[in-house]
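S.K.:
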Amino acid sequence: MCEVGLLQNIDAVIFDLDGSLVDSMWMWHEIDVEYLGRYGMEVPKGLQKEIEGFSFSETAVYFKNRFLLPDSLEEIKKCWNEMAWEKYTHEVPLKPGAGEFLKLCKESGILLGIATSNSRELVTNVADTHGLHDYFSCIMTACEVGRGKPAPDIYLAVAQNLFVLPGRCLVFEDIVPGIQAGKAAGMKVCAVEDAYSLDQTEAKKALADYYIKDFYEIMARV
366 MCEVGLLQNI
376 DAVIFDLDGS
386 LVDSMWMWHE
396 IDVEYLGRYG
406 MEVPKGLQKE
416 IEGFSFSETA
426 VYFKNRFLLP
436 DSLEEIKKCW
446 NEMAWEKYTH
456 EVPLKPGAGE
466 FLKLCKESGI
476 LLGIATSNSR
486 ELVTNVADTH
496 GLHDYFSCIM
506 TACEVGRGKP
516 APDIYLAVAQ
526 NLFVLPGRCL
536 VFEDIVPGIQ
546 AGKAAGMKVC
556 AVEDAYSLDQ
566 TEAKKALADY
576 YIKDFYEIMA
586 RV
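With my numbering, the residue at position 159 of the sequence shown is 524, and numbering never jumps.
#1: Report the rounded CA-to-CA distance for ALA377 versus LYS514, giving the unit in angstroms.
#2: So, for LYS578: in the same chain, excluding its five sequence neighbours on each side, which residues have a beta-carbon less than 7 Å away from its beta-carbon?
#3: Restricting to Cα atoms, I'd like to know which of SER562, PRO542 and CYS534 is closest to MET552.
#4: The alpha helix (DSSP H) spanning GLU465 covers which residue range?
#5: May I have the straight-line CA-CA distance separating ALA463 from LEU497, to the nearest angstrom?
#6: Per DSSP, which residues does PRO500 bridge with? Please list them.
#7: Tell me, please, which residues DSSP counts as bridged to GLY508.
#8: Which of helix, strand or coil does DSSP assign to MET366?
#9: For ASP381, name the three-state secondary structure that DSSP assigns.
#10: Check this for me: beta carbons of LEU382 and ILE475, under 8 Å apart or not?
#11: Taking a contact to mean a Cβ-Cβ separation below 8 Å, would you say SER385 touches PHE537 in this structure?
#12: Please report the straight-line C-alpha distance between MET584 and PHE466, rounded to a whole angstrom.
#13: Below 8 Å between beta carbons: does that hold for VAL398 and VAL408?
#14: So, for ALA516: in the same chain, excluding its five sequence neighbours on each side, which residues have a beta-carbon less than 8 Å away from its beta-carbon?
#15: Look up PHE428 in the DSSP assignment and say whether it is helix, strand or coil.
#16: Excluding sequence positions up to five away, which residues of its chain have a Cβ less than 7 Å from the Cβ of ASP518?
#17: Looking only at its own chain, which residues have a Cβ that is under 6 Å from the Cβ of GLU368, when we skip the five neighbours before and after it?
#18: By DSSP's criteria, PHE537 is part of a beta bridge. Which residues make up the other side?
Here it is as structure tokens:
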């Protein structure tokens with residue numbers, strides 16, 4: 366499904382973070398297990414599917430209401446940031462070929478942005494750890510725009526910040542709500558394979574304009 370013309374007529378590439386740009390989706394189940402375990406609770410079946418696309422703040426509200434947590438929303442988010450910090454720093458790599466693809470985009474004059482449901486603290490950590498600040502002209506979180514995915518808000522906000530028309534943007538996403546957000550924003554979307562969402566493969570292919578197993582697939586064809 367990946368084509369040579371994937372970058373044709375594209376002025377900006379916008380990445381989702383977790384599962385699309387970095388290989389990190391695996392760790393959030395571990396954090397949920399540890400976090401809820403502190404309150405003597407187990408992770409309910411299907412929890413990750415229920416919160417897919419939620420912003421960091423929306424997820425905190427969901428957890429507080431569903432599990433009747435005593436902590437404030439700020440305390441919940443602070444705890445998650447602390448639990449995830451070391452993992453992002455030492456255990457989360459870029460997706461295969463992502464670094465090379467970022468270099469290609471920069472050399473081609475294509476603007477780059479990140480549109481993430483994660484927290485500002487953790488996306489900054491990722492950018493620091495992998496030396497990404499020189500590549501990205503805009504890094505934005507869903508908490509800063511209101512509605513999380515599948516609403517198009519964050520993608521439209523990043524495009525506006527980059528001064529690029531939505532129709533000239535290409536989005537990389539790994540989950541169905543993210544793909545829906547990019548398409549609702551009027552952008553081309555390339556679905557990225559990720560172990561976490563293998564059960565969504567056919568739905569992802571049906572919704573997206575392109576599908577790749579890794580970024581080397583693009584490098585071999587551009």
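Just so it is clear, CB atoms sit at the ideal spot from N, CA and C, and this is done for glycine as well.
M.R.: This is what the structure gives:
#1: In the sequence shown, residue 377 corresponds to position 12, counting from 1. In the sequence shown, residue 514 corresponds to position 149, counting from 1. About 19 Å.
#2: As a position in the sequence shown, residue 578 is number 213, starting the count at 1. Cβ neighbours of LYS578 beyond the five flanking positions: GLU558.
#3: The residue you call residue 552 lines up with position 187 of the sequence shown. Nearest option by C-alpha distance: CYS534.
#4: For the purposes of this step, residue 465 is identified with residue 100 of the sequence shown, where counting begins at 1. Run containing GLU465: 463-472, per the alpha helix (DSSP H) assignment.
#5: Here residue 463 corresponds to residue number 98 of the sequence shown, with the count starting at 1. Here residue 497 corresponds to residue number 132 of the sequence shown, with the count starting at 1. Going by the C-alpha atoms only, they are around 11 Å apart.
#6: As a first step, residue 500 is located in the sequence shown; it is residue number 135 there, counting from the start. Here the sequence assigns Tyr to residue 500, which means Pro is not the residue at that position. Beta-bridge pairing links TYR500 to no other residue.
#7: Taking the first residue of the sequence shown as 1, we reach residue 508 at position 143. It is Cys, not Gly, that sits at residue 508 in the sequence shown. CYS508 is not bridged to any residue.
#8: Locating residue 366 in the sequence shown gives position 1, where the first residue counts as 1. Note that MET366 has pLDDT 36, beneath the 50 cutoff, so the model's placement of it is unreliable and no number is given.
#9: Taking the sequence shown and counting its residues from 1, one reaches residue 381 at position 16. ASP381 falls in the coil class under three-state DSSP.
#10: By one-based count along the sequence shown, residue 382 stands at place 17. By one-based count along the sequence shown, residue 475 stands at place 110. No; because the gap between Cβ atoms is not below 8 Å, this pair is not in contact.
#11: Within the sequence shown, residue 385 is the residue found at index 20, counting from 1. Within the sequence shown, residue 537 is the residue found at index 172, counting from 1. The answer is yes: Cβ separation under 8 Å.
#12: For the purposes of this step, residue 584 is taken as the residue at position 219 of the sequence shown. For the purposes of this step, residue 466 is taken as the residue at position 101 of the sequence shown. Answer to the nearest angstrom: the Cα atoms are 7 Å apart.
#13: Translated into positions along the sequence shown, residue 398 becomes position 33. Translated into positions along the sequence shown, residue 408 becomes position 43. Contact flag set, yes.
#14: In the sequence shown, counting from the first residue as 1, residue 516 sits at position 151. Only ALA546 and ALA549 meet the Cβ criterion.
#15: By 1-based counting over the sequence shown, the position of residue 428 is 63. Three-state DSSP puts PHE428 in a helix.
#16: For the purposes of this step, residue 518 is taken as residue 153 along the sequence shown, with counting starting at 1. Hits under 7 Å: VAL510, GLY511 and ARG512.
#17: Position 3 of the sequence shown, counted from the start, is the residue given in the question as residue 368. Confidence in GLU368 is poor, its pLDDT being 41 and thus under 50, which makes the residue's placement too unreliable to answer from.
#18: Counted from its first residue, the sequence shown places residue 537 at position 172. Answer by DSSP bridge pairing, in chain order: PHE380 and CYS555.
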